[in-house]
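Each residue of the sequence shown is one higher than the last, beginning at 1 in UniProt numbering. C-beta: ideal position from N, C-alpha, C; glycine also. What follows is one structure encoded as structure tokens, with my remarks underneath.
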Amino acid sequence: MAPPPKGPPARKKLLCMCSLSLCLTYVCYSLMGGPGALRSPLAPQGTPSPSASPPPPPPPGIPAATASLREPAPLRLRTSPPPPPSVCTGAAPSGASSSPAEPEPPGTGGGGGGGSSPTATGRLLDQLPESPGGGGGGLPAAAASSWAAAGAGVTEVAGSAGASSSEGWTATPDYGEKRLPQALIVGVKKGGTRALLEALRAHPDVRAVGTEPHFFDRNYDKGLDWYRDLMPQTLEGQLTMEKTPSYFVTNEAPKRIHSMAKETKLIVVVRDPVTRAISDYTQTLSKKPEIPTFEVLAFKNRTLGLIDASWSAIRIGLYALHLESWLQYFPLSQIHFVSGERLITDPAGEMGKVQDFLGLRREVTEKYFHFNKTKGFPCLKKPEESSPPAAWASPRAGPTPRSTGTSSSG
Ligand SMILES: Nc1ncnc2c1ncn2[C@@H]1O[C@H](COP(=O)(O)OS(=O)(=O)O)[C@@H](OP(=O)(O)O)[C@H]1O
1 MAPPPKGPPA
11 RKKLLCMCSL
21 SLCLTYVCYS
31 LMGGPGALRS
41 PLAPQGTPSP
51 SASPPPPPPP
61 GIPAATASLR
71 EPAPLRLRTS
81 PPPPPSVCTG
91 AAPSGASSSP
101 AEPEPPGTGG
111 GGGGGSSPTA
121 TGRLLDQLPE
131 SPGGGGGGLP
141 AAAASSWAAA
151 GAGVTEVAGS
161 AGASSSEGWT
171 ATPDYGEKRL
181 PQALIVGVKK
191 GGTRALLEAL
201 RAHPDVRAVG
211 TEPHFFDRNY
221 DKGLDWYRDL
231 MPQTLEGQLT
241 MEKTPSYFVT
251 NEAPKRIHSM
261 AKETKLIVVV
271 RDPVTRAISD
281 YTQTLSKKPE
291 IPTFEVLAFK
301 NRTLGLIDAS
311 WSAIRIGLYA
321 LHLESWLQYF
331 PLSQIHFVSG
341 ERLITDPAGE
351 MGKVQDFLGL
361 RREVTEKYFH
371 FNKTKGFPCL
381 KKPEESSPPA
391 AWASPRAGPT
401 PRSTGTSSSG
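This is the structure in structure tokens:
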């Protein structure tokens with residue numbers, strides 16, 4: 001019987017090589033982590049990987065069962081990591097206490113009422129049911145595009161609290177004297193105070209401390225000389241300023257400021273109290289993720305709808321209450337209110353009024369702003385030509401100023 005026909009050796013060899021190369025390709029692909037390539041069809045889908053972290057424990061004092069029940073609740077507020085510092089700001093992350101050493105969280109604006117809000121507050125507000133009056137509202141599309149169009153040649157103010165990088169064109173050199181502030185931004189926390197201060201610092205006749213001195217609340221016992229020493233040097237005619245948002249809710253602050261100088265001009269940035277409270281809470285939550293939900297903190301009794309007005313996030317927003325203590329020492333005409341929402345939608349308009357109030361020429365105008373779509377905020381930019389301080393024209397101004405200069409404040 002004839003032996004069965006064998007295929008030509010060349011064909012066998014080719015088959016072997018093909019199989020080998022297929023195996024090699026599979027191994028390489030698997031090693032590179034190709035999607036699903038290595039997953040055995042028998043492996044259970046959706047099994048958590050060993051590295052996946054277990055669910056976080058419930059906040060102290062809240063039973064685990066309750067905590068898990070809360071999870072799907074519509075008002076469960078969660079935050080994502082705070083955005084990076086920037087003074088297109090809001091953005092400069094400030095610590096929960098707005099302390100000078102802590103950077104400030106940039107933010108939303110005005111309330112992030114709708115859409116895909118770029119800020120933490122905005123994202124949280126997106127989770128809340130729509131309310132007729134509420135929350136501030138995002139930037140109108142028209143405003144956004146007009147600021148964006150102005151964006152060419154932008155020098156953004158990169159800023160964390162205390163940042164001085166915006167000073168390239170605003171700072172006057174280090175001569176003149178240190179003076180006590182003639183104007184203060186006294187509040188409110190999370191209102192947009194950082195954005196306002198940075199915009200004011202762009203004015204050649206304003207010099208300000210970048211950090212928050214907290215003199216009239218925490219450091220009063222250090223004395224006025226200590227306070228003065230923190231200030232930047234100014235020429236005569238330049239305004240010295242600082243901002244510490246907690247002054248607004250400090251009972252002793254009005255009296256103390258009045259005794260420093262009764263003509264001190266006061267600026268308060270106000271913002272929708274609900275949006276402000278959420279912004280405040282978000283900031284704390286990013287530092288202490290274990291705190292109870294906003295809803296738990298906000299209500300004394302949820303069923304009865306009893307609000308806990310002693311919770312600082314709510315208490316700070318009782319503007320009329322705090323204002324009463326200021327009005328015991330200062331006339332209303334000496335207090336200027338800035339809208340935190342309009343500071344975002346119409347920064348030049350708000351800045352115009354602030355400059356009028358401070359007796360400054362209107363230098364910081366539309367040309368100083370552009371709208372940064374990514375950040376969702378107006379940002380400062382260096383205009384083509386910006387003026388020198390008015391004091392430079394004065395015969396009393398002293399030595400010829402250097403043309404540039406930066407310092408740690410101002
Ligand atoms: N350009 C501009 N104009 C107006 N407002 C702005 C601007 N940029 C930021 N923000 C908003 O400011 C919020 C932070 O406020 P403050 O700077 O007062 O915060 S702090 O008290 O100093 O921590 C912060 O709030 P949230 O983002 O909601 O937390 C910002 O929304």
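Burial state of residue i (16 or more Cβ within 10 Å)
| i | result |
| --- | --- |
| Asn251 | exposed |
| Glu363 | buried |
| residue 413 | What is shown of the chain runs 1 to 410, which leaves residue 413 out entirely. |
| Thr303 | exposed |
| Gly187 | buried |
| Arg361 | exposed |
| Glu198 | buried |
| Glu177 | exposed |
| Gly210 | buried |
| Gln238 | buried |
| Gln283 | buried |
| Lys262 | exposed |
| Leu224 | exposed |
| Pro54 | Summary for Pro54: the model assigns pLDDT 40, below 50, so the residue's position carries little reliability; its value from the coordinates is reported in the next sentence. Classification for Pro54: exposed. |
| Pro289 | exposed |
| Ala320 | exposed |
| Gln355 | buried |
| Leu318 | exposed |
| Leu196 | buried |
| Pro331 | exposed |
| Lys222 | exposed |
| Lys190 | buried |
DSSP beta-bridge partners of residue i
| i | result |
| --- | --- |
| Cys379 | His370 |
| Met231 | Answer is none; Met231 lacks a bridge partner. |
| Thr240 | Arg207 |
| Ala183 | Met241 and Lys265 |
| Asn301 | Leu306 |
| Glu177 | Thr234 |
| Phe337 | Val268 |
Close Cβ partners of residue i (< 7 Å) along its chain, the five nearest in sequence each way excluded
| i | result |
| --- | --- |
| Glu350 | Val338, Ser339, Arg342 and Leu343 |
| Leu358 | Ala183, Leu239 and Lys265 |
| Ala298 | Ile307, Asp308, Trp311 and Ile314 |
| Val296 | none |
| Met260 | Leu180 and Leu224 |
| Arg256 | Phe216 and Tyr220 |
| residue 411 | Absent from the structure is residue 411, since the part of the chain shown begins at 1 and ends at 410. |
Heavy atom of ligand 1 within 6 Å of residue i beta-carbon
| i | result |
| --- | --- |
| Gly191 | yes |
| Phe377 | yes |
| Ser279 | yes |
| Ile344 | yes |
| Arg302 | no |
| Pro245 | yes |
| Arg194 | yes |
Nonlocal neighbours in the same chain, by C-beta distance under 6 Å from residue i, ignoring five residues either side
| i | result |
| --- | --- |
| Ala313 | Ala277, Asp280 and Tyr281 |
| Pro181 | Thr240, Met241 and Glu242 |
| Phe215 | Tyr227 |
| Leu323 | none |
| Ala150 | Because Ala150 carries a pLDDT of 32, less than 50, the predicted location of this residue cannot be relied on, and the following value inherits that uncertainty. Excluding residues within five positions, the ones whose Cβ falls inside 6 Å are His370. |
| Ala390 | Asp205 and Gly237 |
| Lys300 | Leu306 and Asp308 |
| Ala326 | In the sequence as presented, Ala is not what sits at residue 326; that position holds Trp. Hits under 6 Å: Pro254. |
Neighbourhood of residue i by C-beta, 8 Å cutoff - its chain only, sequence neighbours within 5 removed
| i | result |
| --- | --- |
| Asp217 | Thr244, Ser246, Tyr247, Thr250, Glu252 and Ala253 |
| Arg179 | Arg228, Met231, Thr234 and Thr240 |
| Ala348 | Val364, Thr365, Glu366, Tyr368 and Phe369 |
| Pro213 | Pro100, Asn219, Tyr227, Leu230, Glu242 and Thr244 |
Residue i CB to nearest heavy atom of ligand 2 below 6 Å
| i | result |
| --- | --- |
| Ile335 | With respect to ligand 2, the structure offers nothing, as its ligand set consists of ligand 1. |
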